[in-house]
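Residue numbers (this note's numbering), protein chains in the order written: chain A, 209 to 972; chain B, 14 to 187; chain C, 182 to 407.
Yeah, the Cβ is synthetic: ideal placement off N, Cα and C, and Gly gets one too.
For reference, the structure is listed below as structure tokens.
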Amino acid sequence: MRAWLNDLAIGVRLAVGGGRTPMARFLLSTLGIAIAVAVLLLASSVSTVVHARDSRAAAGMADSRQIEGVAPTTYMPASTQWHEIEVLELFVAGTGPNSPVPRGIPRLPAADEIYVSPALAATLADPDNGLLRERFPQRIAGVIDADTIVDPRQHLLYGGIGALQPESPMLVYAFGNAPVFEHDMDPGLLLLLLLGTVALLVPVFIFLAASTRIAGAERDRRLSALRLVGADGRQVRRIAAAETLVSACAGLVLGWALFLGGRELATGVTLMGISVPPQDIRPIWWLAVLVVLAIPALALSTAQFALRGTIIEPLGVVRRAKPVRRRISWRLAVVALGVVLLLWRGGVGAGYQLWAYAIAAGATLLLLGVPILLPWVVERAVGRLRGGPTSWQLAIRRLQLDSGTSARVVGGVAVVLAGAIALQSLLLSEATHYQVPTQIETLDRSLMSVYVEQGGTPRAREALAPVPGVTVASDPRRLTTWSADGVELGMLVVADCDYLVLAFDLRDCADGQVFRDRDARVQEFPAAGSRVRVDTGADHTFAQASEFAVPTTARPLPATQFDYQVRPGDLIVTAGALPGGRALPAAPDNLKVRFDPADRDAPERVRNALQPLRWLTSTWTSTHSAPLTRNQDSYLTIRRGLLIGSVFTLLLAGVSLLVLALEHIRERRRPLAVLAAGGVPGGVLARSLLWQIAVPIGLGAVVAVVTGVGLASLVIGETLGPMVVDWSGVVVMTGAAAGLGVLVSVLTLPFLRSATRLNSLRTE
Amino acid sequence: MSIGHALLGLLETGPRHGYDLKRVYDERFGQDRPLAYGQVYSTLSRLLRNGLVVESGIEAGGGPERKRYAITDAGVTDVGAWLVTPENPQIYLNSALYTKVVLALMSGRDAEVVLDTQRAAHLKAMRELTARKRDGDLADQLICDHALFHLEADLRWLELTAARLNELREQVAG
Amino acid sequence: MSEVLLSGTNLGKAFGSTPALDSADLSVRRGEIVAVMGPSGSGKSTLLHCLAGIVTPDTGVVLFEGRELSSMSDKARSALRRGEFGFVFQFGQLVPELSCVENVALPLRLGGAKRKAAEATAREWLARLQVEDIAAKRPSEVSGGQGQRVAVARALVTGPKVIFADEPTGALDSLSGEQVMRLLVGTAKETGAAVVLVTHEARVAAYSDREVVVRDGRTRHVELVP
Chain A
209 MRAWLNDLAI GVRLAVGGGR TPMARFLLST LGIAIAVAVL LLASSVSTVV
259 HARDSRAAAG MADSRQIEGV APTTYMPAST QWHEIEVLEL FVAGTGPNSP
309 VPRGIPRLPA ADEIYVSPAL AATLADPDNG LLRERFPQRI AGVIDADTIV
359 DPRQHLLYGG IGALQPESPM LVYAFGNAPV FEHDMDPGLL LLLLLGTVAL
409 LVPVFIFLAA STRIAGAERD RRLSALRLVG ADGRQVRRIA AAETLVSACA
459 GLVLGWALFL GGRELATGVT LMGISVPPQD IRPIWWLAVL VVLAIPALAL
509 STAQFALRGT IIEPLGVVRR AKPVRRRISW RLAVVALGVV LLLWRGGVGA
559 GYQLWAYAIA AGATLLLLGV PILLPWVVER AVGRLRGGPT SWQLAIRRLQ
609 LDSGTSARVV GGVAVVLAGA IALQSLLLSE ATHYQVPTQI ETLDRSLMSV
659 YVEQGGTPRA REALAPVPGV TVASDPRRLT TWSADGVELG MLVVADCDYL
709 VLAFDLRDCA DGQVFRDRDA RVQEFPAAGS RVRVDTGADH TFAQASEFAV
759 PTTARPLPAT QFDYQVRPGD LIVTAGALPG GRALPAAPDN LKVRFDPADR
809 DAPERVRNAL QPLRWLTSTW TSTHSAPLTR NQDSYLTIRR GLLIGSVFTL
859 LLAGVSLLVL ALEHIRERRR PLAVLAAGGV PGGVLARSLL WQIAVPIGLG
909 AVVAVVTGVG LASLVIGETL GPMVVDWSGV VVMTGAAAGL GVLVSVLTLP
959 FLRSATRLNS LRTE
Chain B
14 MSIGHALLGL LETGPRHGYD LKRVYDERFG QDRPLAYGQV YSTLSRLLRN
64 GLVVESGIEA GGGPERKRYA ITDAGVTDVG AWLVTPENPQ IYLNSALYTK
114 VVLALMSGRD AEVVLDTQRA AHLKAMRELT ARKRDGDLAD QLICDHALFH
164 LEADLRWLEL TAARLNELRE QVAG
Chain C
182 MSEVLLSGTN LGKAFGSTPA LDSADLSVRR GEIVAVMGPS GSGKSTLLHC
232 LAGIVTPDTG VVLFEGRELS SMSDKARSAL RRGEFGFVFQ FGQLVPELSC
282 VENVALPLRL GGAKRKAAEA TAREWLARLQ VEDIAAKRPS EVSGGQGQRV
332 AVARALVTGP KVIFADEPTG ALDSLSGEQV MRLLVGTAKE TGAAVVLVTH
382 EARVAAYSDR EVVVRDGRTR HVELVP
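This is the structure:
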């Protein structure tokens, strides 16, 4: 036991030997492992984050199921907007002493009080946001407990219901005990999630393995020196293990530090519309334990695996066999097994979870095939190359001698690339499957729609009248038409001149005119010269109707921003042109407001003016998206997560590439210095290093694209509908990988220069 | 090695008796071969004749052994010239050894034995020199090293010859 | 003469199809300094490696104190290298990460000695080889001659019975070489260690008590008739 400890102590001493070279080696591998640890911890926190979000969302949920003996709380949600920020307003009022109080506030707010979320409090406190402060004249009674808020960025307030009483309020008997529905995930989404996790974590493990193999040749030399002075074979392995363990443990500690430090920064970061409070980023305990145990174990096993083919002898390292050409058989076997799993799909159809797991396992194998196949591909590819300029020749000869290192270096990047291509294709194909709008339409920013609850229009107009610099018009009416023989036809748009001026900038509109939104691509309705019957009643019962002869000529509408109220081909009729038009019932409740687009505060003034109407109005300006189904929503969440993860992984791949490239230079310092001393220009050396990265990256990109597209097509197969490959995305991602290679080469240049200084020729 | 020049060099440090000169010479240079008394005086008389030294006085008691010699300006010039004149490199072949090797080959004997024996003898001499060097002062070390390097050169010739024995055998046979 | 300590009989070794040793014989007595001479590529280093148990010969027997090396386990042979043998090579045998004193202490520590005790002993040896002032430096920071003296100190630190020296002065200038040889031979004689000294330089071989010549993988022993 003593001897064991002694050996371990020697290993530790060797690992943290001090001196520049061993220190650099130690730092590189420690940093590598630390990054991997931090990423893994982050990954193992994802479900905690999601769970915390869910439980917080549940905490705010209002439950309107009646409870005996409880005086319900009147509950009325409304919303307003501050520039791009959505502010959720929840108005509450108790009906008795035991009326429930929402989580996060001590009591129900009085009529002139509000409780605000921390983010809203901060926004309100900003001196630039005076207009927003004006909107809430109520006293701020307190800040809502952050732990009950889903997203730390969320702007939320609880306010008391005052003079304006809701007509049909929600009666809430409890807050936060609404049942959370546990349901199995849609297998398609589960698959996406599993594939994403695999694509993101496989490179992390590859990077981890590469980190522990940094400076292999040097280590072999060191160990053989130990053998000479009488360390036996097992002792040497123990010492090597201790050495690896030191960086693994240091990496673990540093990784935790990175994770905890990075977590604190999370508050300030909003990625793709989501931000997470630091205390939520908490790895699941058993996953954290797994990371703590698995990283050293993995580091140890890779280090020992690297020693597998070698006998460390006192005179140096003896390869057990002559460096044989890499064999393809077992490499292909891994890939083949993956393909088989992908084709088999658990023997069940889509819609079963086993299907998703089988495909995920196959995909893992296929992705692992990239770093496994790459050394073989690189070896075969460079084996036949000859000639070329000096830098090319140096690079190719070097690769022929030892392609393993470079291939390993690039393997990580290639996996990321393959995974990203596969995911991207899968995402695109699934997007069509879930019919998620892939694009959000941008509307005219100087136009605002105001939705008004039944009957609120006069009050809204009244509120808007004093607002300077805005014009207001009612939305057009759309009236049902039918033919003489009673067949229901399309809709006829009846608009005021106010509206046409506001929406289409028609300066000379006069009542009695008729317009047409001309579009050659659609059939015009109602057709010119036809006759239709128009429902002009208030109750849509066709009780009141008038005959309308469609004029043969109509003024064309000018081209304008897209307007949901008028569709291409529509005929727009002013009230005077329609028989009985002037007697039409009141204009619809929705209003359009136009203001000067240069005046950034104009929409805020409009909202301020409408604020007293609370839930009676809501406004929207720039964006519109249809409400999403639960699966669509999950799909978007998963896609967001995957994109965030991809960015991380690509960064990781870049860092690993850099670390390994630097290590490569360090290890080959002397030959490089000899070349430089022999008069080989620095540019040639730099280019040869670039080739040494570029050639494997090029080959890696080919393997990655083939694997990625192949994987996507195998996964999508026939079950998920037609496959869509985002070729421009493939080009961009491949370009990014290539750019990463070039960037890394450029970053290594200063180190190359210092390595080729002639004092590198000096040795012990 | 010119004894005359060596004596002149010693006289440059100050006038000396002939007996003195022999003692100092033996001390410094005569490890292998001390000077004969007669050789000192014959050399001195030659130097005297050539005007490189002069008699600078006779001590009381008379007799040639009591004469003191001093170096002349011509003598100083001569020593100076001698010091900067390189020694003629000796192109030297151990002809006896060469003869032995060739004869061994011609008679079909093992020529390697000749070489091995010679090497052993050389190494024995070198070992003795090394031992003397280890116990001696700096002067001893320098002189021994000189001899050692010469012997080493011979040994290298022996090694090279050994490596070329086959070639030589063919030539001798042919 | 005292008894034979280490002997190799009829040693043969081939690397692939290249023969390196072909029935070589050598025996070393206690405290004896034996020079192994020969041109480069003659197999003298291989002979040393076989005798030291680093390389297992294809044919023949190596006996150390009556024990056959090739029948020993790797562990036992390693222990032998650690305790009974010492090594001084041309260069590169020092571990670059460790300081000089740690290098010297290494065999003791591998044998299970405590760090403090091992380093104290190591310091004594460094002083004996007149390099105590560089104890804290790394091998890359000292001169070649100093490095070799550290290597000699490390070879002697366990009180070995045999020191295997393979061209110990090969990378040094003449003067440093002299110093290293003097210290190596001097301390070996003082401690009674035998030395197997592989060299192609006659001046280095002259420090030995006896020489053996290796040519084409065979040893040639010559006894001079006195």
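Got a sec? Which residues, its chain only, sit under 6 Å from residue i by beta carbon, not counting five neighbours each side?
i	result
V867(A)	L236 and G240
I604(A)	V590 and L593
A246(A)	G463, L466 and F467
K225(C)	V217, G219, V379 and V395
A160(B)	L142
For the putative contact between residue i and residue j, defined by C-beta atoms under 8 Å, what is the C-beta separation to the nearest angstrom?
i	j	result
H291(A)	S325(A)	Between S325(A) and H291(A) the Cβ distance is about 17 Å, and since that is not below 8 Å, they are no contact.
A369(C)	V361(C)	At roughly 12 Å, the Cβ-Cβ gap does not stay under 8 Å, so A369(C) and V361(C) are not in contact.
A407(A)	A630(A)	7 Å
V395(C)	S223(C)	5 Å
M284(A)	I369(A)	6 Å
S307(A)	T288(A)	With 8 Å as the limit, S307(A) and T288(A) do not qualify as a contact, their Cβ atoms being about 25 Å apart.
V499(A)	S252(A)	6 Å
Can you find a C-beta in chain C that's less than 8 Å from the C-beta of residue i?
i	result
V187(A)	Any property of residue 187(A) remains undetermined from this structure, which presents chain A solely from 209 to 972.
R147(B)	yes
Q608(A)	no
E172(B)	yes
Using a Cβ-Cβ cut-off of 8 Å, state whether residue i counts as contacting chain A.
i	result
V343(C)	no
L287(C)	yes
S251(C)	no
G351(C)	no
D206(C)	no
F268(C)	yes
V276(C)	yes
R290(C)	yes
By the 10 Å Cβ neighbour count, where 16 or more other Cβ atoms means buried, how is residue i classified, buried or exposed?
i	result
M231(A)	exposed
V658(A)	buried
I648(A)	Here I648(A) scores only 43 on pLDDT, less than 50, and its place in the model should not be relied on; the value that follows carries that caveat. Exposed, since its Cβ has fewer than 16 Cβ neighbours within 10 Å.
F270(C)	buried
Y50(B)	exposed
Q274(C)	buried
T650(A)	For T650(A), the predicted model reports a pLDDT of 46, less than 50, meaning its position is unreliable and no value from the coordinates is stated.
M119(B)	exposed
I218(A)	buried
A301(C)	exposed
Can you tell me which residues form a DSSP beta bridge with residue i?
i	result
F411(C)	Given that chain C is displayed from residue 182 to residue 407, the structure contains no residue 411(C) and the question cannot be resolved.
L207(C)	G189(C)
D778(A)	F733(A)
I214(C)	V376(C)
V394(C)	M218(C) and R401(C)
F299(A)	M284(A) and G367(A)
Within its chain, find whatever has a CB closer than 8 Å to the CB of residue i; leave out the 5 residues flanking it on each side and keep chain order.
i	result
V37(B)	L23 and R29
V917(A)	I629, A630, S633, V933 and V938
T598(A)	V888, V892 and S896
Starting from the C-beta of residue i, find all residues in its chain whose C-beta is less than 7 Å away, skip the five residues before and the five after it, and write them out in chain order.
i	result
D39(B)	P47 and L48
I348(A)	I322 and V324
A201(C)	K194, A195, G224, T227 and G398
L434(A)	V444 and I447
Does any residue of chain B have a CB that is nearer than 8 Å to the CB of residue i?
i	result
P220(C)	yes
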